[in-house]
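Peer 1: Residue 431 in the numbering used here sits at position 430 of the sequence shown, with consecutive numbering throughout.
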Amino acid sequence: MAVRNTQKGFEVKETILKSIPDAKVDVMELDLSSMAYVMDFATKYGSSGLPLHVLIIQTLKHLKLRHHYLRYTLHSCFFKFTKFVKMGSTGTNHQAVELVVTRTEEPTLVPPYEKTEKGLHFLSNLDQNIAVIVRTIYCFKSEEKGNETAAEVIKDALSKVLVHYYPAAGRLTISQEGKLIVDCTNEGAVFVEAEANCNIKDIGDHTKPDPVTLGKLVYDIPGAKNILEIPPLVVQVTKFKCGGFVIGLGMNHNLFDGIAAMEFVNSWSRIARGLPLKEPPFLDRAILKARNPPVIEFPHEEFAEIEDVSNTADLYKEELAYRSFCFTPEDLENLKIKATADGQMSKCTTFEALSAFVWKARTESLKMKPEQKTKLLFAVDGRSRFEPPLPEAYSGNGIVLTNAICTAGDQIEKPLSFTVKLVHDAVKIVTDSYMRSAIDYFEVTRARPSLSSTLLITTWSKLSFHANDFGWGEPIMSGPVALPEKEVILFLSHGDGRKSVNVLLGLPVTAMKTFEQLMKQV
Numbered sequence: 002m003a004v005r006n007t008q009k010g011f012e013v014k015e016t017i018l019k020s021i022p023d024a025k026v027d028v029m030e031l032d033l034s035s036m037a038y039v040m041d042f043a044t045k046y047g048s049s050g051l052p053l054h055v056l057i058i059q060t061l062k063h064l065k066l067r068h069h070y071l072r073y074t075l076h077s078c079f080f081k082f083t084k085f086v087k088m089g090s091t092g093t094n095h096q097a098v099e100l101v102v103t104r105t106e107e108p109t110l111v112p113p114y115e116k117t118e119k120g121l122h123f124l125s126n127l128d129q130n131i132a133v134i135v136r137t138i139y140c141f142k143s144e145e146k147g148n149e150t151a152a153e154v155i156k157d158a159l160s161k162v163l164v165h166y167y168p169a170a171g172r173l174t175i176s177q178e179g180k181l182i183v184d185c186t187n188e189g190a191v192f193v194e195a196e197a198n199c200n201i202k203d204i205g206d207h208t209k210p211d212p213v214t215l216g217k218l219v220y221d222i223p224g225a226k227n228i229l230e231i232p233p234l235v236v237q238v239t240k241f242k243c244g245g246f247v248i249g250l251g252m253n254h255n256l257f258d259g260i261a262a263m264e265f266v267n268s269w270s271r272i273a274r275g276l277p278l279k280e281p282p283f284l285d286r287a288i289l290k291a292r293n294p295p296v297i298e299f300p301h302e303e304f305a306e307i308e309d310v311s312n313t314a315d316l317y318k319e320e321l322a323y324r325s326f327c328f329t330p331e332d333l334e335n336l337k338i339k340a341t342a343d344g345q346m347s348k349c350t351t352f353e354a355l356s357a358f359v360w361k362a363r364t365e366s367l368k369m370k371p372e373q374k375t376k377l378l379f380a381v382d383g384r385s386r387f388e389p390p391l392p393e394a395y396s397g398n399g400i401v402l403t404n405a406i407c408t409a410g411d412q413i414e415k416p417l418s419f420t421v422k423l424v425h426d427a428v429k430i431v432t433d434s435y436m437r438s439a440i441d442y443f444e445v446t447r448a449r450p451s452l453s454s455t456l457l458i459t460t461w462s463k464l465s466f467h468a469n470d471f472g473w474g475e476p477i478m479s480g481p482v483a484l485p486e487k488e489v490i491l492f493l494s495h496g497d498g499r500k501s502v503n504v505l506l507g508l509p510v511t512a513m514k515t516f517e518q519l520m521k522q523v
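(1) Considering only residues of the same chain and omitting the five flanking positions on each side of Tyr-442, which have a CB-CB separation below 6 Å?
(2) Can you grab the Cα-Cα spacing for the pair Thr-341 / Lys-348, in whole Å?
(3) Rounded to the nearest angstrom, what separates Glu-230 and Gly-224 at their Cα positions?
(4) Once you ignore the five residues that flank Lys-116 on each side, which residues in its own chain have a CB closer than 6 Å to its CB?
(5) May I have the straight-line CA-CA distance separating Lys-279 from Lys-429, to the nearest angstrom?
(6) Count the C-beta pairs between the segment 362 to 373 and the segment 251 to 268 that are closer than 8 Å, then say yes if the count reaches three, no if not.
(7) Please list the segments of the alpha helix (DSSP H) lying wholly inside the segment 289 to 331, counting only runs of 4 or more residues, in order along the chain.
(8) Taking buried to mean at least 16 other C-beta atoms within 10 Å of its own C-beta, is Gln-412 buried or exposed?
(9) Cβ atoms of Ser-366 and Phe-516: under 9 Å apart, would you say?
(10) Taking 6 Å as the limit between beta carbons, can you name the residues of its chain near Lys-240, skipping five residues before and five after?
(11) What three-state label does DSSP hand Asp-497 in the structure shown?
(12) Between which residues of its own chain and Val-135 is the CB-CB distance below 6 Å, once the five residues before and five after are set aside?
(13) Under 9 Å between the Cβ atoms of Pro-232 and Glu-188?
(14) Specify the secondary structure class of His-122 as computed by DSSP and reduced to three states.
(15) What do you get for Ile-175, buried or exposed, if any count of 16 or more other CB atoms within 10 angstroms of its CB means buried?
(16) With a 10 Å radius around its C-beta and 16 neighbouring C-beta atoms as the bar for buried, classify Leu-121 as buried or exposed.
(17) Any idea if Asp-258 is buried or exposed, counting beta-carbon neighbours within 10 angstroms, 16 or more meaning buried?
(18) What's the C-alpha gap between Ile-204 and His-495?
(19) According to DSSP, is Phe-265 part of a helix, a strand, or is it coil?
(20) Taking DSSP as the reference, what is the three-state secondary structure of Phe-283?
(21) Compute the Euclidean distance between the alpha carbons of Asn-130 and Arg-449, then round it to the nearest angstrom.
(22) Quick one: give me the first and last residue of the alpha helix (DSSP H) that Phe-516 is part of.
(23) What would DSSP say about Thr-174, mapped onto helix, strand or coil?
(24) Assign Thr-137 to buried or exposed, taking buried as 16 or more other Cβ atoms, counted over all protein chains shown, within 10 Å of its Cβ.
(25) Could you compute how far the alpha carbon of Gln-345 sits from the alpha carbon of Phe-328?
(26) In whole angstroms, what is the alpha-carbon distance linking Pro-277 and Cys-199?
(27) Identify the continuous alpha helix (DSSP H) that holds Ser-356 and give its terminal residues.
(28) Between Leu-457 and the rest of its own chain, which residues show a CB-CB distance below 6 Å, the 5 nearest in sequence each way excluded?
(29) Report the residue from Gln-518, Glu-303, Asp-211, Ser-434 whose alpha carbon sits nearest the alpha carbon of Pro-485.
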């Protein structure tokens, strides 16, 4: 079933299956590689009079696409095919209108509602390594409740939640030791109110990374030259003509990893609904201080620089194509079966199988030379792996980077189980000793992870983006504004029960064509 909005698509699918339990139907996005296909489908849709399930089957045969292959992201707003044909667009953004966002007031500062602790707030070495601003959006639309009071409610709740998360109301600075530290000045978060010229559904693909369009929904500090000149928390509330609104957040990763950020937003949304926090955050990061003297027990190749003997840097001079590929529960199970088929591994996790599959496909797509070393980086949540475990409400970076390295030749020539085993071992090595060693390694070297000839997988598939209700119900859509680096691939949960995984990435155009073909081999 070719759709622009998969939520609507799954509703149609359920309707079909109620009438025809044995129907073979799946939700997919329309292939836009040929306008002839699009126009043919739209014409049949509007005039054939065929039952929808018959039309869909005919169209799928015509397009010859498999259900897991998506040329573009599955997360998309409802967009009628007839309307698309009238536009005659073949681009990748598919916006019905150009999004224009106008600030209705000058940016203001929202300090904590009550007086809070002042002074310098320690950041651990796990916090130091991730000096980036993570920009996300949350789209809300209620049929019963408009957006007239949205900004006021959200702003008021922000001032109250900052009482509990007061470091986010401070400013980053440099300590005497030359490290990042938070000066708890209580200046407050930056808050911006804005209005859009359209309805939420008109902005198109509003969960695929799109810094040009979606970036308009997150406020950027004018003239900021570095991370020190950007407040740790920036909030923009944009009202749309349909009565919906979008919360755009810029959050400093030095203060929050994904789990901590989700807990912050959840606490904020609870306060907006008049509810108490589930649990106050644990803010003391000194429990992750480096040892004295430092003890480095592992090589920590996550920091190692790999020579680009394949000259992929030239390939990346091409225009980048961004795509999303949806892996259903069936696809994920097939990958796990494929990963263990040769008996080299008796079992593996979904993450291990999917990461290995994507890593191997990317290596092949970039046409790396056989002798080229390639590295996979990914974060493991260390909260339960530390001894003793971190407090459940720990609000900081509790993630630790781990890595796997091999040559491109070995990876491409050997079965998938070879790469899966590398990922499995990289997960297994993350113990208390490894994490303490990583903390001490940074203390001694101040090294940053290298992304040369590297793939960095960021897993957001277990983060509860969809569960934050500010009083208008859960978000109808949420996700990242942009991928932070060209080497990053993002895993996002999707579909019924959040059991599917969307893989979002950007590759040079020629490499993406190969990658798309490899994604069909699930």
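Every residue, glycine too, gets a C-beta built ideally from N, C-alpha and C. None of the values given here were measured: they were computed from a predicted structure.
Peer 2: To lay it out plainly:
(1) So the qualifying residues of the chain are Ile-297, His-301.
(2) The alpha-carbon atoms of Thr-341 and Lys-348 are separated by roughly 6 Å.
(3) 9 Å
(4) none
(5) 32 Å
(6) no
(7) 313 to 316
(8) buried
(9) yes
(10) If we look at Lys-240 and ignore the five residues flanking it on each side, its Cβ neighbours are Asn-148, Glu-196, Phe-246.
(11) helix
(12) Met-252, His-254
(13) yes
(14) strand
(15) Looking at its Cβ environment, which holds fewer than 16 other Cβ atoms inside 10 Å, Ile-175 is exposed.
(16) exposed
(17) buried
(18) Ile-204 and His-495: Cα-Cα distance of roughly 20 Å.
(19) helix
(20) strand
(21) One C-alpha to the other measures close to 6 Å.
(22) 510 to 519
(23) strand
(24) Classification for Thr-137: buried.
(25) Going from the Cα of Gln-345 to the Cα of Phe-328 covers about 24 Å.
(26) Pro-277 and Cys-199: Cα-Cα distance of roughly 35 Å.
(27) 351 to 366
(28) Leu-378, Glu-488, Val-489
(29) Asp-211
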